[in-house]
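**Q** Take this structure first; my questions come after.
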Amino acid sequence: MFSIFTNYTESRSQPTTSQTDANRPSIASQSQDGSTSRQIPAASTVSTPRPPEPLPPPDGPVYESLPPNSIRLLKLRPGHVTSPVECELITVSISEAATYDALSYVWGLGNSPEPISCNGQQMPVRNNLILALRHLRPLPSWVAHDTWPESHALHSSHNAWKGIARNRNELSPDDKFQHNLIWIDSLCINQSDTAEREQQVKLMDRIFSRAETVKVWLGPADTAQVAASGPLNTEPAPTVRGGALSSVGGGVLNGVGGLLARERPVYHLLQYGNMPLILSFISQALRNLEGGENRLAGLRPPWDLVHRNKAYGLLRPSADEWLVLRKFLSNSWFDRVWIVQEIVLARRAVVIVGDWQLEWTALGRAAAWFEDHGYAMPTNFKPSRTDRKDFLPVTKAAAVWRMHEAVEKRWPLLGMLRELRSRNATDARDKLYATYSMAQETEIAGHGLPYMLEPTYAKASGDEDPCLGVYRDLARFLVIEHGDLSVLSHVEQARVVRNGKWPSWVPDWRHGKLSTELSRHNLHASHYNANAGENMVIGDVLDQNFLSVQGLRAAVVEIYSEKLNTYGLRHVTYQDECQFVRSAWNLYVTSLRGTAPTRGSVDMFISTLTAGLTEDERPLHEDSSFLPDAKAWLTENAPNVPLFQGSGTRWLEKKRKGWRDPSRFQEAFTRACSDRAFFTATCGLMGIGPNNMRAGDVVVVLFGGKVPYVLRPLGDGKYSFVGECYIESLMDGVVVRKQRESGSSAGFFCLV
């Protein structure tokens, strides 16, 4: 695949003094030996957001009461670059609103020292918003509007990003600025009016789906010059055409025809800041996408990353230039929970970075390509100086793109909450509200939201957590709506009790969950059937923080291991995983109290560690090669596990000949066991379960739950919910069948 990084247009004009301004710094400094200095910025990291500073109130009244089904739109008045921002609010019916745009952005933490004038009143705003307003507003008519000629070095007409991005200095004054009315949440909603916020949040889907363009503000462009470590490539990248390997010296994508085979120094591209390089990465991903299958990339093993990148026309994995793209994709906007709705429902979206405008479609497609081809940054990845620099945080952007492209814009609510759990919101209640307009359960035409899901921003009484009532009502709604207990699988295991006030059975969506859910709504229903199809029965309770569910007691936890930690792609991780398996087997042997393990014990041990699923989440009994693959892994990494080979050594012989794939077991058990502990229980049971279990916790089967659960007895019939678990011999409903055969009655477990 020919790479846009390999060459640069010879005919491109060199920048002149008149072309160079504050947004295009001079060329990178060079040392006395002529080498170019490196000034690649480090990728930003995403952490749990702290609460923003409260904004002071406006000097006077800005808002009037909104009629039903009405919104406010903002009209920006022209202003010089240094003059104060002035605007006015116009109230319109959402069904009759004229053409308008909508702004998608991050509120940010810092308050601007300079207020804006809104409806004649001085109104404080945050720093990021005032930067966006200054960028969007038109200049006064008396200010000259310079437009780049097509000969300009960055003009899109002769660059790889033609058709997907452009600099607004290419545009005429009529296209350069925000002339439409625009909807901006922090200004168009009276944030101090709780009732108005609750009503407007229910209109968000209509606001963004009716907007002509959703404008995504990522902030000013990083104009610091990016210095390179040398030419981006030393030769044209080879490609496969008609079965022959050839070297391509010209562009293969419309808009890149001006690229020549003659090498250009990379600083010719990078002296203009980061965006040209970022756009080049995106353009190359799109070229690869449109080029179809790249047979050259598959000619060598997948771990030959240098070959892979070269085949795709990209830089070597260690190239510092990747960090520029990583930093761009680490912008906090990608972590916002509201952007999912804002982008998925948009007719058209444009990403704005300083003077650069990029079609969201291009960014989304490129992110999906990078994810599909092994560039996605792994979960819990911890960057270091020696890690691959071509790992990119593209997963969230790719997920939004795929949702945007889906024909049906409704998804199961619990699945959406799971996927959006790691995203951020200024108000944590919005992590739920942002999903409602796209959830299947809330699609009730003309009837509004179910009463248990009605948005509320009212302050909690006393020292009660403001999210408690909202999150609890959602959990109860899901239990009642679906008639099952799938929501219990989303409780984060490390938070059984929070000051004794948070119900242990209610997921706290503010906090991430490292372990993969064993039970998901409408998933794995065919082979996880611990309740034998018994319908859920809920008992009456006076305290709404309690959930009383009928079920059966199955066993008591006896001994348990440390949890399996995950660190990313590191040698210590592999060693910890091997040690986890060895320790788990030793723990199981200890629980036998002198009884020798059997061949069946080993098979059950493998099934337990993988939660009964292969690496691609198929039942083990559907893949006859998986157990031999697992035993091949145990042979190399857990020699303390007896494999009872006997006469059946053919699998080992195949392994020695390279026919076995031990990595399948590695992938399957790390997915199932991450952030979980191995344990044994009474009746000779083994399992994997929550990492905070204790000896004496009880294993129960609750009607309506596809998997067993671990509970902690508190006395008086009350229990704290600890988490879901997997016990091979309980997954087919044996406990319920025995209860039916004996005619005994089930009991109620009151979760508090």
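The opening position of the sequence shown corresponds to residue 1 in UniProt numbering, with each subsequent residue numbered one higher. Glycine included, each C-beta is placed from N, C-alpha and C at the ideal position.
Quick check: the Cα distance between Val-479 and Met-416, rounded to an integer number of angstroms?
**A** Here residue 479 is taken as the residue at index 479 of the sequence shown, counted from 1. Here residue 416 is taken as the residue at index 416 of the sequence shown, counted from 1. Within the model, the alpha-carbon separation for Val-479 versus Met-416 is close to 16 Å.
**Q** Should the region 272-280 be regarded as contacting the region 157-167, the criterion being three or more beta carbon pairs within less than 8 Å?
**A** yes
**Q** Taking the straight line between their C-alpha atoms, what separation do you get for Thr-435 and Ala-596?
**A** Residue mapping note: residue 435 aligns to position 435 of the sequence shown, counting from 1. Residue mapping note: residue 596 aligns to position 596 of the sequence shown, counting from 1. When rounded, the distance between both Cα atoms is 52 Å.
**Q** Could you compute how far the alpha carbon of Glu-170 sits from the alpha carbon of Ala-349?
**A** One-based indexing of the sequence shown puts residue 170 at position 170. One-based indexing of the sequence shown puts residue 349 at position 349. Each residue's Cα considered, the two are about 19 Å apart.
**Q** Should Asn-529 and Lys-396 be called a contact, given that it needs their Cβ atoms to be closer than 8 Å?
**A** Here residue 529 refers to the residue found at position 529 of the sequence shown. Here residue 396 refers to the residue found at position 396 of the sequence shown. Going by C-beta atoms, Asn-529 is not nearer than 8 Å to Lys-396.
**Q** So is His-490 buried or exposed if we call it buried at 16+ other beta carbons inside 10 Å?
**A** Locating residue 490 in the sequence shown gives position 490, counting from the first residue. So His-490 ends up on the buried side.
**Q** Apart from the five residues just before and just after Gly-704, which ones in its own chain have a Cβ nearer than 6 Å to its Cβ?
**A** Translated into the one-based positions of the sequence shown, residue 704 becomes position 704. Short of 6 Å from the beta carbon of Gly-704, and not among the five residues preceding or following it, lie these beta carbons of its own chain, in chain order: Asp-484, Leu-485, Met-536.
**Q** Mapping DSSP to helix, strand and coil, what is Ile-727?
**A** Taking the sequence shown and counting its residues from 1, one reaches residue 727 at position 727. Of the three classes helix, strand and coil, the one that applies to Ile-727 here is coil, per DSSP.
**Q** Measure from the alpha carbon of Gly-292 to the alpha carbon of each residue in Arg-300, Asp-304, Ala-311, Asn-274, then state which is nearest.
**A** For this step, residue 292 is matched to residue 292 along the sequence shown. Comparing Cα positions, the closest option is Ala-311.
**Q** Is Pro-708 near Val-700, with beta carbons less than 8 Å apart?
**A** Residue 708 sits at position 708 when you count from the first residue of the sequence shown. Residue 700 sits at position 700 when you count from the first residue of the sequence shown. It is a contact, given that the beta carbons lie within the stated cut-off.
**Q** For Ile-71 and Ile-182, I'd like the C-alpha separation in whole angstroms.
**A** Start at 1 with the first residue of the sequence shown, and residue 71 comes out as number 71. Start at 1 with the first residue of the sequence shown, and residue 182 comes out as number 182. Computed Cα separation, rounded: 11 Å.
**Q** In chain order, what residues of the same chain have a beta carbon less than 6 Å from the beta carbon of Asp-661, not counting five sequence neighbours either side?
**A** Start at 1 with the first residue of the sequence shown, and residue 661 comes out as number 661. Cβ within range, chain order: Asp-629.
**Q** Are the CB atoms of Leu-634 and Leu-643 nearer to each other than 8 Å?
**A** Locating residue 634 in the sequence shown gives position 634, counting from the first residue. Locating residue 643 in the sequence shown gives position 643, counting from the first residue. A Cβ-Cβ contact shorter than 8 Å links Leu-634 with Leu-643.
**Q** Using the C-alpha atoms, what's the distance from Ile-130 back to Pro-113?
**A** Taking the sequence shown and counting its residues from 1, the one referred to as residue 113 is at position 113. Taking the sequence shown and counting its residues from 1, the one referred to as residue 130 is at position 130. Answer to the nearest angstrom: the Cα atoms are 10 Å apart.
**Q** Where Arg-365 and Leu-329 are concerned, what is the direct C-alpha to C-alpha distance, given to the nearest angstrom?
**A** Within the sequence shown, numbered from 1, the residue matching residue 365 stands at position 365. Within the sequence shown, numbered from 1, the residue matching residue 329 stands at position 329. Going from the Cα of Arg-365 to the Cα of Leu-329 covers about 14 Å.
**Q** Quick test of your reading: Ala-97 and Leu-73, contact by CB under 8 Å. State the CB separation rounded to the nearest angstrom.
**A** Mapped onto the sequence shown, residue 97 falls at position 97. Mapped onto the sequence shown, residue 73 falls at position 73. Rounded, the Cβ-Cβ distance is 7 Å, consistent with contact.
**Q** With hydrogens ignored, establish whether the beta-carbon of Ser-744 is closer than 7 Å to any heavy atom of the ligand SAH.
**A** In terms of ligand content, the structure shown is empty, and the ligand SAH therefore cannot be addressed.
**Q** For Trp-356, does the three-state DSSP call read helix, strand or coil?
**A** Residue mapping note: residue 356 aligns to position 356 of the sequence shown, counting from 1. In the structure shown, Trp-356 sits in a strand (DSSP, three-state: E or B).
**Q** Flag this pair as yes or no: are the beta carbons of Val-273 and Asp-320 separated by less than 8 Å?
**A** As a working note, residue 273 is residue 273 in the sequence shown. As a working note, residue 320 is residue 320 in the sequence shown. Note that residue 273 corresponds to Gly in the displayed sequence, not to Val. In terms of Cβ geometry, Gly-273 and Asp-320 do not form a close pair [threshold 8 Å].
**Q** Whose C-beta lies closer than 8 Å to the C-beta of Glu-198 among residues of the same chain, with five residues either side of it excluded?
**A** Looking up residue 198 in the sequence shown gives position 198. Taking Glu-198 as the centre and dropping the five residues before and after it, the same chain places the C-beta of Glu-454, Pro-455, Thr-456, Tyr-457 closer than 8 Å to its C-beta, in chain order.
**Q** Using the beta-carbon count (16 or more within 10 Å), is Tyr-451 buried or exposed?
**A** Here residue 451 refers to the residue found at position 451 of the sequence shown. Note on Tyr-451: under 16 other CB atoms within 10 angstroms of its CB, so exposed under the neighbour-count rule.
**Q** Could you tell me which residues DSSP puts in a beta bridge with Trp-411?
**A** Locating residue 411 in the sequence shown gives position 411, where the first residue counts as 1. Looking at the DSSP assignment, Trp-411 forms a beta bridge with Ala-439.
**Q** So what does DSSP say about Trp-183, is it helix, strand or coil?
**A** By 1-based counting over the sequence shown, the position of residue 183 is 183. Three-state result, Trp-183: strand.
**Q** Leaving out five residues before and five after Asn-294 in sequence, what residues of the same chain have Cβ atoms less than 7 Å from its Cβ?
**A** Indexing the sequence shown from 1 puts residue 294 at position 294. Excluding residues within five positions, the ones whose Cβ falls inside 7 Å are Met-1, Asn-288, Ala-311, Tyr-312.
**Q** Taking the alpha-carbon positions, what's the Glu-615 to Ser-663 distance?
**A** Taking the first residue of the sequence shown as position 1, residue 615 is located at position 615. Taking the first residue of the sequence shown as position 1, residue 663 is located at position 663. Straight-line Cα distance between these residues: approximately 9 Å.
**Q** Do Val-85 and Arg-126 have their C-beta atoms closer together than 8 Å?
**A** Taking the sequence shown and counting its residues from 1, one reaches residue 85 at position 85. Taking the sequence shown and counting its residues from 1, one reaches residue 126 at position 126. Cβ distance not < 8 Å, so Val-85 and Arg-126 don't count as in contact.
**Q** Please report the distance separating the alpha-carbon of Gly-298 from that of His-152.
**A** Against the sequence shown, residue 298 aligns to sequence position 298. Against the sequence shown, residue 152 aligns to sequence position 152. Approximately 39 Å between the Cα atoms of the pair.
**Q** May I ask you to report which of helix, strand or coil DSSP gives Ile-480?
**A** Start at 1 with the first residue of the sequence shown, and residue 480 comes out as number 480. Three-state DSSP puts Ile-480 in a helix.
**Q** Pairs of beta-carbons, one from the region 113-123 and one from the region 338-345, closer than 8 Å: are there three or more?
**A** no
**Q** Let me see if you follow: with CB-CB separation under 8 Å, is Ala-672 close to chain B or not?
**A** As a matter of chain content, chain B is missing from the structure shown, which is built from one protein chain.
**Q** Among Asn-691, Ser-104, Arg-137, whose alpha-carbon lies nearest the alpha-carbon of Thr-82?
**A** Taking the first residue of the sequence shown as position 1, residue 82 is located at position 82. With distances taken between Cα atoms, Thr-82 lies closest to Arg-137.
**Q** Would you say the region 714-728 touches the region 574-590, given that touching needs at least three Cβ pairs under 8 Å?
**A** no
**Q** Work out the CA separation of Leu-392 and Leu-714 for me, nearest whole Å.
**A** As a working note, residue 714 is residue 714 in the sequence shown. As a working note, residue 392 is residue 392 in the sequence shown. One C-alpha to the other measures close to 46 Å.
**Q** Taking the straight line between their C-alpha atoms, what separation do you get for Gln-575 and Leu-564?
**A** Translated into positions along the sequence shown, residue 575 becomes position 575. Translated into positions along the sequence shown, residue 564 becomes position 564. Distance between the alpha carbons of Gln-575 and Leu-564: 11 Å.
**Q** Go through its chain and collect everything with a Cβ distance to Ile-116's Cβ below 6 Å, but skip five positions before and after it.
**A** For this step, residue 116 is matched to residue 116 along the sequence shown. If we look at Ile-116 and ignore the five residues flanking it on each side, its Cβ neighbours are Val-85, Met-123, Val-125.
**Q** Given a cut-off of 8 Å on the beta-carbon distance, is the pair Val-734 and Leu-552 in contact?
**A** Along the sequence shown, read from residue 1 onward, the residue named residue 734 stands at position 734. Along the sequence shown, read from residue 1 onward, the residue named residue 552 stands at position 552. Cβ distance not < 8 Å, so Val-734 and Leu-552 don't count as in contact.
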